[in-house]
Every structure is written in C-alpha cells, then in structure tokens.
Amino acid sequence: KIKEITYMHSEGILAGELKHGPLALVDKLMPVIMIIMRDHTYAKCQNALQQVVARQGRPVVICDKEDTETIKNTKRTIKVPHSVDCLQGILSVIPLQLLAFHLAVLRGYD
1 KIKEITYMHS EGILAGELKH GPLALVDKLM PVIMIIMRDH TYAKCQNALQ
51 QVVARQGRPV VICDKEDTET IKNTKRTIKV PHSVDCLQGI LSVIPLQLLA
101 FHLAVLRGYD
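What follows is the structure in structure tokens.
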C-alpha cells in the first residue's frame with residue numbers, strides 16, 4: 001500500500017528471504033518495518049530482527065502487545081491487540097495502512 005499511494009519505492013520481504021540480498025542494503029539510514037507475530041514464523045522473524053540490528057538497522061516492529069520478548073529487544077514497537085491467530089494478521093496491517101496514508105499526505109498526495 002505504501003508504494004501504491006505514496007509513489008515511494010518499498011518492498012515486502014519474507015523473513016527467510018532477507019539474507020538473500022536485501023540484508024546487504026540495511027544500514028542506519030534504511031527504513032525497516034517488521035511484523036513479528038507469535039506464529040509458525042516467529043523464530044525466523046526474530047532471527048531477521050537480530051540480523052537487521054547487527055547491521056545497525058533501526059527497525060520499527062509491529063507486534064502483539066503481549067509479546068514481551070520482542071518488545072524488550074526492540075527500541076521502537078507498535079503494539080497491536082492480542083487476538084486469535086486468524087485475526088492477528090488483519091490487526092497488524094492497520095498500522096501499515098495508517099503509515100501509508102500519513103506518508104501520502106506528507107508528500108502531498110491525497
């Protein structure tokens with residue numbers, strides 16, 4: 001959505017695919033937004049988070065408000081309400097939709 005309404009380059013990358021090229025671009029100036037939920041991908045997402053931080057990345061992490069481990073290990077978090085697994089993904093998208101909207105407004109697109 002960010003690319004669509006802000007005309008900014010952005011890419012969605014699965015945690016397991018991060019080290020196949022995109023990780024080389026991460027530094028303290030590269031914006032990184034990560035979604036980390038307590039599901040079957042949790043371990044891969046935690047590993048990706050560690051790799052981003054090791055390269056001086058400063059990720060903003062969207063996570064469940066009850067995920068104390070991720071919150072403790074991250075400086076910037078956006079906490080979403082805890083829900084059943086089938087709804088958790090929908091809740092995690094809402095902050096991204098709001099981010100896309102506000103970026104578009106700041107860039108003069110409405």
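With the first letter of the sequence shown counted as 1, position 27 gets the number 27 in the UniProt record's numbering; the numbers rise by one all the way through. C-beta: ideal position from N, C-alpha, C; glycine also. Owing to the predicted nature of the structure, the values given are computational and were not obtained by experimental measurement.
Whole-angstrom distance between residue j and residue i, CA atom to CA atom
| i | j | result |
| --- | --- | --- |
| P81 | L103 | 24 angstroms |
| G21 | D64 | 28 angstroms |
| I5 | K75 | 28 angstroms |
| N73 | I90 | 24 angstroms |
| Y7 | G16 | 27 angstroms |
| Q46 | S83 | 20 angstroms |
| I33 | K44 | 15 angstroms |
Under 8 angstroms between C-beta atoms of residue i and residue j
| i | j | result |
| --- | --- | --- |
| G12 | M30 | no |
| I78 | V60 | yes |
| D39 | D67 | no |
| L18 | A48 | yes |
Beta-carbon separation (whole angstroms), residue i vs residue j, contact threshold 8 angstroms
| i | j | result |
| --- | --- | --- |
| I36 | Y42 | 7 angstroms |
Own chain, CB closer than 8 angstroms to residue i, minus 5 neighbours either side, in chain order
| i | result |
| --- | --- |
| H9 | K3 |
| K1 | L96, Q97, A100 |
| Y109 | I5, T6, Y7 |
Chain-order list of residues whose beta-carbon lies under 6 angstroms from that of residue i (same chain, five-residue window excluded)
| i | result |
| --- | --- |
| I62 | I35, I78, S92, P95 |
| R107 | T6 |
| I71 | T77 |
Contacts around residue i, its chain only, beta-carbon distance under 7 angstroms, and the 5 residues preceding and following it disregarded
| i | result |
| --- | --- |
| E69 | none |
| L14 | none |
Closer than 8 angstroms to chain E by CB, residue i
| i | result |
| --- | --- |
| H40 | In the structure shown, chain E cannot be found, because there is only a single protein chain. |
Would you check if there are 3 or more beta carbon pairs closer than 8 angstroms linking the region 42-56 to the region 18-27?
yes
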